[in-house]
Structure formats: structure tokens, C-alpha cells
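Novice:
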Amino acid sequence: MVKNRKILLVSYGGGHVAMLAPVAKALLENNYSVVFLALTTAGAYLDRLGMRHIGYKDLPGADSEEVIALGQMLVRDLPKSDSVSEVESVAYMGMNYRELVRLYGVDGAAQLYAQKGRQAFLPVEMFCSWFKEISPLAVLATNSPRSERAALEAASKLGIPSVCAVDLFGIQEIEWIKKADYASRICVLNDYVKEFFVDKGCLANSVVVTGNPAFERLQLSEVKHAGKIMRASKGWGANDIVVLWASQVEPEQHPFLSEKRGDPTLPGRIELSLRGLVAESKKFRLVIRRHPSESVGSNLLQERVEPSSPDEDLAVLLHAVDIVVVMSSTVGLQAHYAGCRVVSVAGSVFSEDAPYGRMGISTEVSSPDRLVGELMDVSPSDLRRSRSRDDFSGIENPTQNIVRTVESLIFI
Numbered sequence: 000m001v002k003n004r005k006i007l008l009v010s011y012g013g014g015h016v017a018m019l020a021p022v023a024k025a026l027l028e029n030n031y032s033v034v035f036l037a038l039t040t041a042g043a044y045l046d047r048l049g050m051r052h053i054g055y056k057d058l059p060g061a062d063s064e065e066v067i068a069l070g071q072m073l074v075r076d077l078p079k080s081d082s083v084s085e086v087e088s089v090a091y092m093g094m095n096y097r098e099l100v101r102l103y104g105v106d107g108a109a110q111l112y113a114q115k116g117r118q119a120f121l122p123v124e125m126f127c128s129w130f131k132e133i134s135p136l137a138v139l140a141t142n143s144p145r146s147e148r149a150a151l152e153a154a155s156k157l158g159i160p161s162v163c164a165v166d167l168f169g170i171q172e173i174e175w176i177k178k179a180d181y182a183s184r185i186c187v188l189n190d191y192v193k194e195f196f197v198d199k200g201c202l203a204n205s206v207v208v209t210g211n212p213a214f215e216r217l218q219l220s221e222v223k224h225a226g227k228i229m230r231a232s233k234g235w236g237a238n239d240i241v242v243l244w245a246s247q248v249e250p251e252q253h254p255f256l257s258e259k260r261g262d263p264t265l266p267g268r269i270e271l272s273l274r275g276l277v278a279e280s281k282k283f284r285l286v287i288r289r290h291p292s293e294s295v296g297s298n299l300l301q302e303r304v305e306p307s308s309p310d311e312d313l314a315v316l317l318h319a320v321d322i323v324v325v326m327s328s329t330v331g332l333q334a335h336y337a338g339c340r341v342v343s344v345a346g347s348v349f350s351e352d353a354p355y356g357r358m359g360i361s362t363e364v365s366s367p368d369r370l371v372g373e374l375m376d377v378s379p380s381d382l383r384r385s386r387s388r389d390d391f392s393g394i395e396n397p398t399q400n401i402v403r404t405v406e407s408l409i410f411i
């Protein structure tokens with residue numbers, strides 16, 4: 000009988016926390032003690048679910064004078080966020096930068112940070128020290144490159160069972176996930192991703208096809224029904240074509256491949272193109288949903304254009320709209336599973352990381368200018384004929400699949 004039942008989860012916001020939150024709930028129901036380290040906007044997401052979590056500000060040493068001084072110096076150059084408190088940002092920046100100083104010295108840390116910014120952060124030693132204090136039974140983290148990666152590497156160093164949950168395709172992340180002993184198990188979306196990981200060098204028995212719990216709710220009958228109610232309550236008629244633009248941050252360069260340059264103007268140009276579509280044809284309505292980390296874009300009032308706030312239930316919204324436009328957002332895959340028509344716009348620095356068009360998930364257009372031409376001839380009857388909201392055939396029970404994967408390591 001295992002007495003210690005503490006399991007640590009680590010995730011940042013967006014689709015990553017949406018993947019792990021159902022797993023955390025299931026672990027709690029199985030009487031595990033869950034410590035959820037929620038990064039960036041993950042905290043606000045878990046707050047809306049009423050789920051307890053901690054942040055960097057709660058870690059040992061976060062309140063030290065050194066950490067606070069370093070953090071305050073660094074956050075001055077960061078954009079303000081409504082979703083992440085300044086105290087949390089100071090702790091995150093300060094603790095990560097302190098580890099850089101300890102590893103590379105004052106000058107080396109400054110040089111690394113000047114070159115890479117936050118991409119230089121990989122606080123493995125910080126996590127090792129913390130894990131020795133709390134002795135987690137297992138560590139579960141997503142496939143992100145900084146804190147999540149550091150937590151899994153620390154678990155490996157200490158011999159703690161660990162699971163890396165990959166939200167989508169892991170096309171860039173495979174470069175570190177494939178390393179020997181990176182994680183005890185790797186949970187992936189489908190057989191396509193497993194085959195890719197094994198081809199890149201992962202051991203076949205370490206890669207488990209579990210599906211993504213973030214998509215599980217999309218298939219619940221009550222969520223589908225709630226989508227119909229939402230559509231009616233918003234006054235969207237049967238002959239309206241409701242387009243959801245799921246925006247995202249487009250950085251100036253790829254976080255893992257510095258030679259790949261991004262186009263920060265791309266999200267704004269897509270929005271302008273879609274606004275033009277709505278202005279040209281009254282059969283369309285546009286819903287704009289910004290990423291929680293995204294700065295507020297155009298708030299121009301326009302007939303048949305409305306916002307969707309981050310706290311509006313995305314799963315329900317996807318069952319209320321008809322077409323979803325993305326660059327590379329996880330929302331594209333969610334929309335596909337919800338039976339929406341998906342259109343992806345190429346040209347993002349992340350386009351190759353989420354090859355929706357190549358996988359048959361979306362219709363891809365080469366630029367924002369092509370959106371109007373792609374959508375203008377769509378009719379409500381076309382959408383009704385092609386809709387497959389009740390024909391989902393994805394991986395069943397992804398939440399329990401991941402829970403079983405964790406438990407298989409604990410009870411070896």
C-alpha cells in the first residue's frame with residue numbers, strides 16, 4: 000500500500016492546462032493529494048474551475064530579497080497582464096534568473112538572457128531542491144520547454160516516476176522529449192503522433208496513445224445541447240453563418256528555432272479580413288476570441304461582430320458556431336472534433352508545428368487575403384450537410400487513460 004499519495008502537476012495556460020485539469024480532478028477523486036503548479040494564465044483557468052493550485056510565488060525561496068530584486072528588475076520590461084499577478088511574475092522571473100546566475104555567473108546569466116530572454120530558463124536544480132522537500136509520488140507535466148521540461152528533467156535525475164503529456168503533435172518538442180530517460184512515459188494524441196515520436200528515437204513502449212482530455216468534454220451530450228442554447232440566446236439564426244476567429248500571439252521569432260521569423264501583424268490582418276467579410280455579406284457573423292496572453296486588439300464596434308471572453312466556455316461555444324478560423328491554435332483541433340468547419344491561415348511561425356491542412360483537419364489558405372474568397376461562397380446548407388458533430392471517433396476516455404498511465408508507474 001502506497002502511503003504517500005502526493006502527485007505534482009505542472010502546466011502553463013491555454014490548451015495545456017485544459018489538458019491536465021480533468022486529470023487533476025480525476026486524481027483527486029481517486030484520493031490522491033494533488034499539487035498543481037499553475038504557470039502564467041493557468042492559475043486563472045483553474046480559479047474558474049474552483050481548483051486549488053500554487054504558483055512560483057508559493058515555492059521555497061520566492062520571497063527572498065535576492066529573488067524579489069531580480070524579479071522586479073526583469074518584469075519592468077514585460078507587458079502587464081490581467082491574468083497573471085505582478086507578485087507571480089516577479090517570483091517566476093526572479094527564481095529562474097537566480098538559477099542562471101548560479102549556473103553561469105552574473106555575466107554569463109546576463110549574456111544568456113540578452114540572447115534568449117525567457118527561453119534561457121530551465122530551472123532543473125530549483126525543482127530538484129523542491130522535490131527533495133515534498134517527495135512527490137509522481138510528476139506529470141505538459142510538453143512546454145521551460146518549467147515543465149525542467150520539472151520532468153528533475154524528476155528523472157531523482158528517480159521519480161514521470162509522465163510527459165503532449166497536447167498536440169510535438170513537432171518541435173520532440174528534440175528534447177526523445178532524449179533517453181526524459182520521462183518515464185509520454186502520453187500522445189493519437190497513433191500518428193506515436194509513430195512520429197518512435198521514428199524520432201523514442202522507445203515504443205514508453206509512448207502511450209491516450210488522447211487529449213481537453214477534447215473529451217466536446218463529446219458530452221449536455222455540452223452539445225448547451226451549444227444550441229447558447230446559439231439561440233445570442234440571436235444567431237439557422238441561416239446565419241457564425242465564424243469564430245480564435246486568435247493567438249504571434250512572436251517575432253520561434254521560441255525554439257530562432258532562425259524562424261514570425262509576423263506579429265498576422266493576427267490583426269486576419270481579423271481585418273474577417274471583419275471585411277462580415278461587412279460585405281450579411282449572412283456572416285464574426286466572434287473574436289483572443290488568447291489569454293494576447294494584448295487587446297481592435298475593439299472597433301461593428302454590426303454582427305462580437306467578442307468572446309476567456310471565461311466563456313469554449314467547448315460550448317464550439318457547438319454554437321459554424322466555422323472556426325485559426326493559425327495554429329489548439330482550438331483548431333478542438334473545433335474539428337466538435338464538428339466545425341476549420342480554416343487555417345498559413346504564414347505563422349508555428350504553422351509547421353500544427354499542420355492542420357496536411358492532416359485533413361482544416362482547409363488551409365496561404366494568407367489573410369484569401370479568407371474572403373474561401374468563405375464567401377459557403378452556404379448554411381453546405382454546413383448542415385458536412386456537419387459531423389455526432390460522428391466523433393477519437394480516443395475514448397483520455398482522462399482515465401492518463402490516470403492509468405500515472406498509476407502504472409506508481410504501483411510497479
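Residue 0 is where the sequence shown starts when you use numbering that gives the first Met the number 0, and the numbers rise one by one after that. No residue lacks a Cβ here, since even glycine has one placed at the ideal position from N, Cα and C. It should be emphasised that the depicted structure is a prediction, and the values quoted were computed from it without experimental measurement.
CB-CB under 7 Å to Ala426, same chain, minus the five flanking residues each way: which ones, in chain order?
Specialist: Residue 426 is absent from the structure shown; the chain starts at 0 and stops at 411.
Novice: If you draw a straight line from the C-alpha of Leu136 to the C-alpha of Ala23, how long is it?
Specialist: So the two alpha carbons sit approximately 14 Å from each other.
Novice: Between the Cα of Val241 and those of Ala345, Leu265, Arg274 and Met125, spot the shortest distance and give me the residue it belongs to.
Specialist: Ranking the options by Cα distance to Val241, first place goes to Arg274.
Novice: Between Glu174 and Asn400, what straight-line distance do the alpha-carbon atoms span, to the nearest angstrom?
Specialist: In a straight line, the C-alpha of Glu174 is about 25 Å away from that of Asn400.
Novice: Determine the burial state of Val402: buried for a count of at least 16 other Cβ atoms within 10 Å of its Cβ, exposed for fewer.
Specialist: Buried: at least 16 other Cβ atoms inside 10 Å.
Novice: Could you compute how far the alpha carbon of Ala164 sits from the alpha carbon of Lys281?
Specialist: Near 43 Å, if we compare the C-alpha coordinates of Lys281 and Ala164.
Novice: Count the other CB atoms within 10 Å of the CB of Thr209; is the residue buried (16 or more) or exposed (fewer)?
Specialist: Answer is buried; the Cβ neighbour count reaches 16.
Novice: Taking buried to mean at least 16 other C-beta atoms within 10 Å of its own C-beta, is Val83 buried or exposed?
Specialist: Its Cβ being crowded by 16 or more others within 10 Å, Val83 is buried.
Novice: Can you find a C-beta in chain D that's less than 8 Å from the C-beta of Asn211?
Specialist: Here there is only one protein chain, and chain D is not present.
Novice: Specify the secondary structure class of Trp175 as computed by DSSP and reduced to three states.
Specialist: Three-state result, Trp175: helix.
Novice: What is the DSSP secondary structure of Arg384, counted as helix, strand or coil?
Specialist: Bear in mind that the predicted position of Arg384 carries a pLDDT of just 49, short of 50, making it unreliable; the figure below should be weighed with that in mind. Reduced to three states, the DSSP call for Arg384 is helix.
Novice: Please state whether DSSP places Val86 in a helix, a strand or coil.
Specialist: Correct three-state label for Val86: helix.
Novice: Check this for me: beta carbons of Leu48 and Ser10, under 8 Å apart or not?
Specialist: Taking 8 Å as the Cβ cut-off, Leu48 and Ser10 do not qualify as a contacting pair.
Novice: Inspect the beta-carbon positions of Val348 and Lys259 and report whether they are closer than 8 Å.
Specialist: A contact, by the Cβ cut-off of 8 Å.
Novice: For Val16 and Gly107, I'd like the C-alpha separation in whole angstroms.
Specialist: Roughly 33 Å separates the two Cα atoms.
Novice: If you follow the alpha helix (DSSP H) that Thr398 is part of, which residue opens it and which one closes it?
Specialist: Note, Thr398: alpha helix (DSSP H), Pro397 to Ile409.
Novice: Alpha carbon to alpha carbon, how far is Gln252 from Thr408? Give it in angstroms, no decimals.
Specialist: Before going further, note that residue 408 is Leu rather than Thr in the sequence given. If I take the Cα positions, the gap works out to 38 Å.
Novice: Roughly how far, in whole angstroms, is the beta-carbon of Asp166 from the beta-carbon of Gly14, given that I think they are within contact range, below 8 Å?
Specialist: About 5 Å; that satisfies the 8 Å criterion.
Novice: Have a look at the DSSP bridge pairing and note the partners of Cys412.
Specialist: An answer regarding residue 412 cannot be provided, because it is not within the stretch 0 to 411 covered by the chain.
Novice: Quick one: what does DSSP say Ile433 is sitting in, helix, strand or coil?
Specialist: Limits of the chain in this structure are 0 at one end and 411 at the other, which puts residue 433 out of reach.
Novice: Starting from the Cα of Thr362, find the closest Cα among Leu374, Glu351 and Asp352 and give me that residue.
Specialist: The candidate whose alpha carbon is nearest that of Thr362 is Leu374.
Novice: Going by the DSSP bridge assignment, what does Trp244 pair with across the sheet?
Specialist: In the DSSP output, where bridge partners are listed per residue, Trp244 has Ile287 and Val324.
Novice: Can you give me the C-alpha to C-alpha distance between Arg388 and Ile176, rounded to a whole angstrom?
Specialist: Unreliable positioning characterises Arg388 in this predicted model, as indicated by a pLDDT of 49, which lies under 50. A coordinate reading is not provided.
Novice: Anyone know if the C-beta pair for Leu188 and Asn211 falls short of 8 Å?
Specialist: Yes, the Cβ-Cβ distance between Leu188 and Asn211 is below 8 Å.
Novice: Three-state secondary structure (DSSP) at Glu6?
Specialist: According to the sequence shown, residue 6 is Ile rather than Glu. Reduced to three states, the DSSP call for Ile6 is strand.
Novice: Identify which residue in Leu313, Glu311 and Ile287 has its Cα closest to the Cα of Arg303.
Specialist: The option with the nearest alpha carbon to Arg303 is Ile287.
Novice: Express the C-alpha separation of Leu276 and Lys223 in angstroms, rounding to a whole number.
Specialist: Their Cα atoms are separated by approximately 27 Å.
Novice: Answer yes or no: do Arg117 and Val66 have a C-beta to C-beta separation smaller than 8 Å?
Specialist: Contact: no.
Novice: Is Met229 near Val162, with beta carbons less than 8 Å apart?
Specialist: No; because the gap between Cβ atoms is not below 8 Å, this pair is not in contact.
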